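Peer 1: Numbering (my numbering), first residue to last: 1 to 142.
1) Mark residue 76 as exposed unless 16 or more other C-beta atoms lie within 10 angstroms of its C-beta, in which case mark it buried.
2) CB-CB under 7 Å to residue 57, same chain, minus the five flanking residues each way: which ones, in chain order?
3) For residue 78, is the classification buried or exposed, using 16 other Cβ atoms within 10 angstroms of its Cβ as the cut-off for buried?
4) Please confirm if the region 41–54 is in contact with the region 129–140, defined as three or more CB-CB distances below 8 Å between the two stretches.
5) Take residue 128 and list the residues in its own chain whose beta-carbon comes closer than 6 Å to its own, dropping the five residues that flank it on each side.
6) Strictly by DSSP, which residues pair up with residue 135?
7) Where do the N-terminal and C-terminal ends of the alpha helix (DSSP H) with residue 68 fall, by residue?
8) So what's residue 141 in DSSP terms, helix, strand or just coil?
9) Can you tell me whether residue 54 is buried or exposed? The criterion is at least 16 other CB atoms within 10 Å of its CB, across all chains shown.
10) Ignore the nearest five residues each way along the sequence and tell me which others in residue 73's own chain have a CB closer than 8 Å to its CB.
11) If I measure Cβ to Cβ from residue 130 and keep anything under 6 Å in the same chain, skipping five residues before and after, which residues do I get?
12) By alpha-carbon positions, which one of 109, 139, 31 and 124 ends up nearest to residue 68?
13) Whose C-beta lies closer than 7 Å to the C-beta of residue 48 among residues of the same chain, with five residues either side of it excluded?
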């Protein structure tokens, strides 16, 4: 894997978008804190499930840490950044990472993440909403 990961000089910053429609209220970031693995993506009413893991491809996941720190993996890269939650389940996510060719699954995630603006938690499932009710659906990792 050495030589394949190229550090990126640019840092991606994602804007805070607000929305409505989700009513679950999270009392603190404590419920959000922890590791989450991407299981499926709902895009324009199509559900795209996580593909089988292949050699050299990582599971996509996010680790929401205390104090707003965020770590994660795409299908082929590492990412670090920040998150901030606000009233009515709004969330802002920003950061950067390494750059290497993504799988199609990884590209769906990487392209969606900057547009996330709402979240919902229930029964060890995290749903991140972006662009007109599209969804990134995660399961909690123990």
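Backbone N, C-alpha and C define an ideal beta-carbon position, used for all residues, glycine too.
On a predicted model such as this, the values are computed, not experimentally measured, just so you know.
Peer 2: Once the coordinates are examined:
1) Its Cβ being crowded by 16 or more others within 10 Å, residue 76 is buried.
2) 75, 76 and 103
3) exposed
4) Yes, the region 41–54 is in contact with the region 129–140.
5) Residues 116, 119 and 136 of the same chain have their beta carbon placed closer than 6 Å to that of residue 128, with the five preceding and five following residues left out of the count.
6) 42 and 129
7) It is not in any alpha helix (DSSP H) - residue 68 carries neither H nor E in the DSSP assignment.
8) strand
9) exposed
10) 58, 59, 60, 61 and 79
11) 112, 115 and 116
12) 31
13) Closer than 7 Å at Cβ, skipping near neighbours: 40, 41 and 108.
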